[in-house]
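These protein sequence lines map, in sequence, to chains X and S.
Under the working numbering, read the first sequence as residues 2 to 268, first letter to last.
Under the working numbering, read the second sequence as residues 29 to 295, first letter to last.
Working notes, structure below.
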Amino acid sequence: MAIISIRDLVVEYDGRRILDGLNLDIEQGETMVLLGGSGSGKSTLLRQIIGLERPRSGTVIVNETDITRCSQSELNHVRRSIGVTFQGGALFNSLTLEDNVALNLREHTELAPSIIDLVVWMLLAAVGLSEFGKLHPQELSGGMKKRAAVARALALDPEILVFDEPSAGLDPVVAAELDELILLLKQVYQMTVIVVTHELTSAFKIADRLAMLYDGAFVAVGTKEEIKNSKDPHVRQFLDRIPSNVAKTTAITSFFERYLEASEVNQ
Amino acid sequence: MATQLERVGRKTLDQLDYLGSLSIQLWVTLRFMGKALPFVGNRSRWKASVGQMLQIGVDALPMVALMAVASGFILAMQGASELRRFGALHYVIDLVAVGFTRELGPLLTAVAVSGRSGSAFAAEVGTMEVTEEIDALRVMAFDPVEFVLAPKYLAALIAVPCLSIICNVCGIVAGGIFMFFSTHLGFLLYLRYVLTSIELRDIISGLIKSIAFATIIAQVGCLEGFRVRGGPDAVGRSTTAAVVKATFLVIIADAVFTAIFYFMRKP
Numbered sequence: 002m003a004i005i006s007i008r009d010l011v012v013e014y015d016g017r018r019i020l021d022g023l024n025l026d027i028e029q030g031e032t033m034v035l036l037g038g039s040g041s042g043k044s045t046l047l048r049q050i051i052g053l054e055r056p057r058s059g060t061v062i063v064n065e066t067d068i069t070r071c072s073q074s075e076l077n078h079v080r081r082s083i084g085v086t087f088q089g090g091a092l093f094n095s096l097t098l099e100d101n102v103a104l105n106l107r108e109h110t111e112l113a114p115s116i117i118d119l120v121v122w123m124l125l126a127a128v129g130l131s132e133f134g135k136l137h138p139q140e141l142s143g144g145m146k147k148r149a150a151v152a153r154a155l156a157l158d159p160e161i162l163v164f165d166e167p168s169a170g171l172d173p174v175v176a177a178e179l180d181e182l183i184l185l186l187k188q189v190y191q192m193t194v195i196v197v198t199h200e201l202t203s204a205f206k207i208a209d210r211l212a213m214l215y216d217g218a219f220v221a222v223g224t225k226e227e228i229k230n231s232k233d234p235h236v237r238q239f240l241d242r243i244p245s246n247v248a249k250t251t252a253i254t255s256f257f258e259r260y261l262e263a264s265e266v267n268q
Numbered sequence: 029m030a031t032q033l034e035r036v037g038r039k040t041l042d043q044l045d046y047l048g049s050l051s052i053q054l055w056v057t058l059r060f061m062g063k064a065l066p067f068v069g070n071r072s073r074w075k076a077s078v079g080q081m082l083q084i085g086v087d088a089l090p091m092v093a094l095m096a097v098a099s100g101f102i103l104a105m106q107g108a109s110e111l112r113r114f115g116a117l118h119y120v121i122d123l124v125a126v127g128f129t130r131e132l133g134p135l136l137t138a139v140a141v142s143g144r145s146g147s148a149f150a151a152e153v154g155t156m157e158v159t160e161e162i163d164a165l166r167v168m169a170f171d172p173v174e175f176v177l178a179p180k181y182l183a184a185l186i187a188v189p190c191l192s193i194i195c196n197v198c199g200i201v202a203g204g205i206f207m208f209f210s211t212h213l214g215f216l217l218y219l220r221y222v223l224t225s226i227e228l229r230d231i232i233s234g235l236i237k238s239i240a241f242a243t244i245i246a247q248v249g250c251l252e253g254f255r256v257r258g259g260p261d262a263v264g265r266s267t268t269a270a271v272v273k274a275t276f277l278v279i280i281a282d283a284v285f286t287a288i289f290y291f292m293r294k295p
C-alpha cells in the first residue's frame, strides 16, 4: 500500500513550470531515491512531499491525508510522522546537539525529562555522536552535522524519513558512512525512506526503487536494474555522465584571433 | 506616461503588500503571545524572552544612557541660548522635562533599539531562513512565529518602555547638571520644578509611544528576516532594510501619535 501518493502534481514559480504533472507512488517500507541533475526539480518535489509549499494543481497524499488541501492542524499531524534531514543539517545553532534532538520530544510529547534524556542519548549513540551532545552545531564537521540531523529527525519515531542530498559536501568515506547509516536505520526502524540525490554510487547502494527527474517530469521510475538498463536518452546521459554543453574550442580560438587582430589595428 | 503610472502603481501595491504582511504577522504574533508568557505559557519561550530582554534592554543601556545625557545637554543648551534673551531661563526645565517624557525619551530609545536589535532580529531570522532552520521548524510542526518572533516581541514590549524611562531620567538629569552649572540651581529644587512641569499623561503618552515603537521594531526586523531569499548577501540587505524601514516607520508613528495626543489635549 502506498504511504505517499502523488497525482498530477504541477508546481510553478512566477509562471515558470518546475514540476509538470508528476505521478508517483511510494510504498510503505521502501527506500525511494529521487534522482536527477541540478535544476531538474527534485528538491522542489521534496518540498511538496514534506508540505513546505503548495502546488499549482495536483495532490500529494501522505498517510491518507491530502497535504495540499488539508488544514494546518492536519498538516502538523502529518508532519509529526515525517522526519526530515536537510542538506546542510539545519540544526538550530543556538542549541546544543542534545537540545536539538530533544526539542521535538519536549514540545510534542509528555515524556518525563529523564526519559527524554535517555532517548536523546540513545539517538545520539545510534548515529555515533553520544560524546558530542554538549557541543553546538558550529563546533561539528559537515558529516557530524548530518548525522546529528538524522538523530533529530528520528526523535519522534517517524514513519517516513526524508533526506535531502545526504552526500553533498562530504568526502567519499563520510558519504559512504552516511549511506551505511541510512541502510542500518531502515533495517532497524523499518521506515519508509525518501532520498533526494544526484550521487549515483550512493543512490544505487541505498535504493529499493529510483525515480529519475528531468526538466520537471519523471523520465524513468523503477528498480535499480530497470534504471541501469533503461534506454531513455536522459537516463543514459545521467548514468554514463555524458556532458551536454561541451566548451567549443574553435569558437574560443576564433574569439582570441579576432581580439588580437583588433588590438594590432589599434596599435 | 503609462510606464510611469505603472511604476507608481506597482510601488504602491508593493508598499500595501508590505503593510498587509506586517499586519498579518502582528495578528499571528498576538495569537501566540500567550505561549511566551511566564507561568501560563511555554517555559522555553519565556526563557528565550528573558534572554532577548537582556540583549535588547541591558546590553543597550550604556548606549541609550549616553545618548540621553548628550541629548539632554544639547536640548538644555540650545533652549537656554534662546530663552535667556527673554529672561525665561527657568523654562529650560520644562523644555527638557516635557520634551524627554513626551518625545525624546521614546524616540531616542527607538532609534537606538532599531539600530541594535532590529538589525539583529533581521540578521538572526534571515540566517535561519538561509540555513533552512525556519523550514526545519515548519517540518517539525512548529510555527516559526511562535518559536522565533513571539519571544522577541514580548521582550521588546517589556524592554523598550523600560529603556525609555531610563532614557527620560538620564536626559532630565543632564538638564539638571546644565542648570546647576549655568544658574547654580540646586538639584533637589530642579527636581521639584521637573515634577511640577510634567503630568502623568505626559509619561503615559511616552510609554504608549514606546510600546508602538517596540512593535514596529520587532515586527519589521523579523519580517525582513522572514523575507530573506538567497544567500548571505540577502541577509545583509535585510539587515539594512530592517533598520531603515523601522526607523522610518517609528518617525511616522511618532508624528501620528503626537498629533493624536495634541488634539486630545486641546481644550
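We treat Cβ as the ideally placed atom computed from N, Cα and C, and that holds for glycine.
- Query: Is residue 275 of chain S close to chain X, meaning its C-beta is less than 8 angstroms from at least one C-beta of that chain?
  - Reply: no
- Beta-carbon contacts of residue 48 of chain S that lie in its chain and below 7 angstroms, excluding the five residues immediately before and after: none
- Task: Enumerate in chain order the residues of its own chain whose CB-to-CB distance from residue 54 of chain S is below 6 angstroms, with the five nearest sequence positions on each side excluded.
- Result: 247
- Establish whether the CB of residue 85 of chain X and some CB of chain S are separated by less than 8 angstroms. yes
- Item | residue 221 of chain S versus residue 213 of chain S - alpha carbon distance | 11 angstroms
- Message: What does DSSP give as the partner residue(s) for residue 164 of chain X in the beta ladder?
- Response: X:86, X:196
- Query: Would you call the segment 28–46 of chain X and the segment 206–220 of chain X in contact, with 3 or more CB pairs under 8 angstroms?
  - Reply: yes
- Task: State yes or no: is the beta carbon of residue 109 of chain X nearer than 8 angstroms to at least one beta carbon in chain S?
- Result: yes
- Message: Determine, for residue 167 of chain S, whether the minimum Cβ-Cβ distance to residues of chain X falls below 8 angstroms.
- Response: yes
- Query: Relative to the ligand ZN, is the shortest distance from any of its heavy atoms to the C-beta of residue 220 of chain X smaller than 7 angstroms?
  - Reply: In the structure shown, the ligand ZN is absent, as is every other ligand, since no ligand is present at all.
- Item | For residue 47 of chain X, the nearest candidate out of X:152, X:165, X:114, X:67 (CA to CA) | X:165
- In whole angstroms, what separates the C-alpha of residue 202 of chain S from that of residue 102 of chain S? 9 angstroms
- Item | Cβ contact (3+ pairs, closer than 8 angstroms) linking the segment 120–136 of chain X and the segment 79–88 of chain X | no
- Task: Taking all protein chains shown into account, decide if residue 271 of chain X is buried (16 or more other Cβ within 10 angstroms of its Cβ) or exposed.
- Result: Residue 271 of chain X cannot be examined here, being either before or after the span of chain X that is shown, 2 to 268.
- Check whether the segment 125–145 of chain S touches the segment 182–190 of chain S, taking contact to mean three or more Cβ pairs, one atom from each stretch, closer than 8 angstroms. yes
- Does any CB atom of chain S fall closer than 8 angstroms to the CB of residue 91 of chain X? yes
- Item | As assigned by DSSP and simplified to three states, the class of residue 66 of chain X | strand
- Message: I need the straight-line Cα distance from residue 109 of chain X to residue 43 of chain X, nearest angstrom please.
- Response: 30 angstroms
- Can you name the residues of chain X whose CB is closer than 9 angstroms to the CB of residue 163 of chain S? 48, 51, 53, 85, 87, 91
- Output yes if chain X places a C-beta closer than 8 angstroms to the C-beta of residue 157 of chain S; else output no. no
- Taking Cβ-Cβ distances shorter than 8 angstroms, what residues in chain X pair up with residue 170 of chain S? 108
- Assign residue 28 of chain X to one of three DSSP states: helix, strand, or coil. strand
- Task: Note the first and the last residue of the continuous alpha helix (DSSP H) segment covering residue 168 of chain S.
- Result: No alpha helix (DSSP H) contains residue 168 of chain S, which DSSP labels as neither H nor E.
- With a threshold of 16 other CB atoms inside 10 Å of the CB of residue 161 of chain X, please say whether the residue is buried or exposed. buried
- Item | residue 210 of chain X, enclosing beta strand (DSSP E) - first and last residue | 210–215
- Message: Once the 5 residues before and after residue 233 of chain X are set aside, which same chain residues still bring their CB inside 6 angstroms of it?
- Response: 220, 221
- Message: Using 8 angstroms for Cβ pairs, my map puts residue 195 of chain X next to residue 2 of chain X. What's the rounded Cβ distance?
- Response: Not quite, the Cβ-Cβ distance comes to about 16 angstroms (not below 8 angstroms), so this is no contact.
- Does DSSP put residue 51 of chain X in a helix, a strand or coil? coil
- Beta-carbon proximity of residue 77 of chain S to residue 242 of chain S, cut-off 8 angstroms: no
- Name the chain S residues whose beta carbon is nearer than 7 angstroms to that of residue 105 of chain X? 168
- For the segment 241–261 of chain X and the segment 60–70 of chain X, state whether three or more C-beta atom pairs, one from each stretch, are separated by less than 8 angstroms. no
- Task: Report the rounded CA-to-CA distance for residue 10 of chain X versus residue 19 of chain X, giving the unit in angstroms.
- Result: 10 angstroms
- Item | Neighbouring residues, chain S, relative to residue 81 of chain X (Cβ below 7 angstroms) | 169
- Task: Note down, in chain order, every chain S residue with its Cβ under 8 angstroms from the Cβ of residue 230 of chain X.
- Result: Those do not exist, as residue 230 of chain X stays about 36 angstroms from chain S at its closest Cβ, beyond 8 angstroms.
- Taking the DSSP output, what are the residues bridged to residue 33 of chain X? X:195, X:210
- Within chain X, the residues that residue 160 of chain S reaches when beta carbons sit closer than 8 angstroms: 87, 88, 89, 91
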